[in-house]
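Asks: Residue numbers (the numbering used here), protein chains in the order written: chain L, 2 to 181; chain V, 2 to 181.
2 protein chains.
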Amino acid sequence: MTAAAELFAERGVDGTSIDAIAERADRTSGAVYDHFGGKDGLLLALLDSWVTDVGAVIGAELTTATSLDDRLAVLWRNVSAPAVGDGRWMTLEFELWTHAERNPELREHLTRRYRGAWRGIVAAAGGAADDAGDVGPAVIGLLFGLEMMRRIDPGRVTDELAVDALRGVVAGTSTGASRT
Amino acid sequence: MTAAAELFAERGVDGTSIDAIAERADRTSGAVYDHFGGKDGLLLALLDSWVTDVGAVIGAELTTATSLDDRLAVLWRNVSAPAVGDGRWMTLEFELWTHAERNPELREHLTRRYRGAWRGIVAAAGGAADDAGDVGPAVIGLLFGLEMMRRIDPGRVTDELAVDALRGVVAGTSTGASRT
DNA sequence: GTCTATATCCAGATAGAC
DNA sequence: GTCTATCTGGATATAGAC
Numbered sequence: 002m003t004a005a006a007e008l009f010a011e012r013g014v015d016g017t018s019i020d021a022i023a024e025r026a027d028r029t030s031g032a033v034y035d036h037f038g039g040k041d042g043l044l045l046a047l048l049d050s051w052v053t054d055v056g057a058v059i060g061a062e063l064t065t066a067t068s069l070d071d072r073l074a075v076l077w078r079n080v081s082a083p084a085v086g087d088g089r090w091m092t093l094e095f096e097l098w099t100h101a102e103r104n105p106e107l108r109e110h111l112t113r114r115y116r117g118a119w120r121g122i123v124a125a126a127g128g129a130a131d132d133a134g135d136v137g138p139a140v141i142g143l144l145f146g147l148e149m150m151r152r153i154d155p156g157r158v159t160d161e162l163a164v165d166a167l168r169g170v171v172a173g174t175s176t177g178a179s180r181t
Numbered sequence: 002m003t004a005a006a007e008l009f010a011e012r013g014v015d016g017t018s019i020d021a022i023a024e025r026a027d028r029t030s031g032a033v034y035d036h037f038g039g040k041d042g043l044l045l046a047l048l049d050s051w052v053t054d055v056g057a058v059i060g061a062e063l064t065t066a067t068s069l070d071d072r073l074a075v076l077w078r079n080v081s082a083p084a085v086g087d088g089r090w091m092t093l094e095f096e097l098w099t100h101a102e103r104n105p106e107l108r109e110h111l112t113r114r115y116r117g118a119w120r121g122i123v124a125a126a127g128g129a130a131d132d133a134g135d136v137g138p139a140v141i142g143l144l145f146g147l148e149m150m151r152r153i154d155p156g157r158v159t160d161e162l163a164v165d166a167l168r169g170v171v172a173g174t175s176t177g178a179s180r181t
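This is the structure we're talking about:
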């Protein structure tokens with residue numbers, strides 16, 4: 002799975018053959034098929050493992066963050082410069098999303114996964130624990146979108162910009178936000 | 002190019018062969034190579050054509066939108082339910098981004114393209130025309146990220162949520178926003 | 001659990017004729 | 001500007017032995 006994560010990040014999922022993965026892991030393709038059933042199964046297994054790791058890191062860092070801005074900065078840091086993987090897992094995450102668009106089984110898996118993440122955001126981003134609705138998708142969406150923009154023009158998306166934008170989204174989607 | 006756009010959206014860029022594109026266009030692969038030089042050239046041409054179309058639609062719709070919320074709704078509608086293409090161009094856009102991650106030439110092209118888009122956002126989203134910095138990447142990032150979330154769970158990301166979140170981001174990243 | 005060997009198929013790309 | 005023909009390489013997936 003480590004070999005697959007590396008190669009997927011380097012060459013993309015479609016650009017990586019099972020043989021290449023097996024070779025990097027000092028195995029043969031037969032073993033990969035036996036374990037994961039194919040590339041999709043490997044993708045799913047990888048996805049699950051990654052979510053666990055990043056979630057754990059964020060959870061740990063949040064316990065030492067006091068202000069809202071600190072907590073938002075923790076989220077952003079784990080997206081823009083994560084300690085997990087080789088620091089490029091967002092590339093892989095976007096690719097998983099693309100694949101899910103055309104694979105119903107994978108899409109259902111992602112739906113479940115993201116619903117959990119959205120729920121987790123409420124505690125991290127707001128104080129309003131009763132607001133289980135809009136903050137989650139808005140904050141995660143913004144985190145992902147900002148990272149996309151940052152990859153396109155790294156100098157343009159600063160940490161300060163990210164926290165400013167996140168604070169705005171939290172204010173705009175929390176319960177009781179003013180609506181024009 | 003229409004054939005390519007359709008097939009890319011249906012099966013993904015890597016899942017589409019030049020032969021398949023040529024066949025749908027009632028041509029042969031030789032003609033495609035002659036015109037675009039290969040799949041990457043075709044991708045670039047497609048990208049340019051799409052930007053022109055969507056930009057024109059948004060520009061037209063913005064002239065009839067008066068309030069800030071109306072203008073933000075115009076932006077969101079053209080991302081979540083665009084009139085251009087078969088309504089699924091965001092899938093293609095995300096895939097182009099993924100390819101750009103591993104193709105410097107394509108990435109430079111995207112950087113130029115997005116810088117233009119960010120500039121265009123200032124007029125649409127704010128009143129503050131002097132604030133050429135943070136609003137653009139923040140708003141486009143949020144639009145893209147929200148659309149990602151909507152694809153994962155369509156019922157969860159309503160138009161109202163999107164406009165609320167966009168309004169928050171505009172407030173948070175405009176000049177003079179309060180910083181804690 | 002992993003290997004070898006192989007079946008089957010399709011990809012990108014180019015040369016040269018029309 | 002488009003075609004046919006073809007070279008060359010690599011992909012998925014499985015069967016069966018160890």
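For every residue, glycine included, the Cβ atom is placed at its ideal position computed from N, Cα and C.
(1) Have a look at E11(V), P138(V), A23(V), W90(V) and flag the residue whose alpha-carbon is nearest the alpha-carbon of V171(V).
(2) Can you look up V58(L) in the DSSP assignment and give me helix, strand or coil?
(3) Straight-line CA distance for T29(V) to D41(V)?
(4) Would you say I153(L) faces chain V, with C-beta separation under 8 Å as the test?
(5) Taking the Cβ atom as the reference point for each residue, do V158(L) and R151(L) lie within a distance shorter than 8 Å?
(6) Any idea if R120(L) is buried or exposed, counting beta-carbon neighbours within 10 angstroms, 16 or more meaning buried?
(7) Check the Cβ of F37(V) against every Cβ in chain L and list those closer than 8 Å, keeping chain order.
(8) CA-CA distance, A10(L) and R25(L)?
(9) State the DSSP-derived secondary structure class of M2(L), mapped to helix, strand or coil.
(10) Express the C-alpha separation of V14(L) and E96(V) in angstroms, rounding to a whole number.
(11) Count the other CB atoms within 10 Å of the CB of N53(V); is the residue buried (16 or more) or exposed (fewer)?
(12) Near D160(L), what residues of its chain come up, given a Cβ to Cβ distance below 6 Å and the 5 sequence neighbours on each side ignored?
(13) Considering just the uninterrupted stretch of the alpha helix (DSSP H) at P138(L), what are its terminal residues?
(14) Give the residues of chain L in contact with F9(V), contact being defined as C-beta atoms less than 7 Å apart.
(15) So the candidates are V55(L), A61(L), T17(L); which of them puts its Cα closest to the Cα of L44(L)?
(16) Give the straight-line distance between the Cα atoms of R12(V) and D154(V), rounded to the nearest whole angstrom.
(17) Given that a residue counts as buried once 16 or more other Cβ atoms are within 10 Å of its Cβ, and exposed if not, what is A125(L)?
(18) Measure the alpha-carbon distance for A82(L) versus L47(V) and round it to whole angstroms.
(19) Just mark H36(L) as buried or exposed, buried being the case when its beta carbon has 16 or more other beta carbons within 10 Å.
Replies: Taking the definition as stated:
(1) P138(V)
(2) helix
(3) 17 Å
(4) yes
(5) yes
(6) exposed
(7) Those do not exist, as F37(V) stays about 20 Å from chain L at its closest Cβ, beyond 8 Å.
(8) 14 Å
(9) coil
(10) 12 Å
(11) What sits at residue 53(V) in the sequence shown is Thr, not Asn. It is exposed - the Cβ of T53(V) has fewer than 16 other Cβ atoms within 10 Å.
(12) none
(13) 136 to 153
(14) Simply none; closest approach about 11 Å.
(15) T17(L)
(16) 21 Å
(17) buried
(18) 32 Å
(19) exposed
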